[in-house]
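Take a look at the structure below.
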C-alpha cells in the first residue's frame, strides 16, 4: 500500500515535522540523484504503512537548501528520524524498506 508522503519545505518543516507530535522520517533527496530515485517508491510505501502513526516526508535539497544545511546534509539520500523535534537516528544511502521501517519502529514504541 503506498500513501502520500509530506513534501517538506524550508517554510513548512518546523510546523509539519518538528512540531507534529509524531515520529518523523525525512528523506533528503534531489531529482538528479540515482539512489534517491530508487528510494522514492520505498518512501511512498512507508507513507502508506505509517499513515496516522508517523510523518513520512521528503525534502528536495535543491529547492530547500536552508533545511538541508541546518541538518548538515552532505550526501544524498540521507534519511533523518525525528522525535520530539530532535534528530534521533540517521541513515545514509538507499536502504531496503524493512531496515528503514525497523528504525522508525524503534522510536515509535
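Numbering (my numbering), first residue to last: 179 to 287. For every residue, glycine included, the Cβ atom is placed at its ideal position computed from N, Cα and C. Computed from a prediction, not measured in an experiment: that's the story for all the values here.
I'd like the span of the beta strand (DSSP E) that includes residue i, first residue to last.
i           : result
residue 256 : 256-261
residue 234 : 232-238
residue 224 : No beta strand (DSSP E) contains residue 224, which is instead part of the alpha helix (DSSP H) from 212-227.
residue 186 : 184-186
Could you pull the DSSP bridge partners for residue i from this structure?
i           : result
residue 202 : 233 and 260
residue 283 : According to DSSP, residue 283 bridges with nothing at all.
How would you write the range of the alpha helix (DSSP H) that residue i sits in, first residue to last?
i           : result
residue 248 : 243-248
Exercise. Should the region 230-237 be regarded as contacting the region 271-278, the criterion being three or more beta carbon pairs within less than 8 Å?
Worked result: no
Exercise. At a cut of 8 Å, does the region 255-263 reach the region 197-206 through at least three beta carbon pairs?
Worked result: yes
Exercise. How about the region 246-253 and the region 214-226: do they share at least three Cβ pairs that are nearer than 8 Å?
Worked result: no
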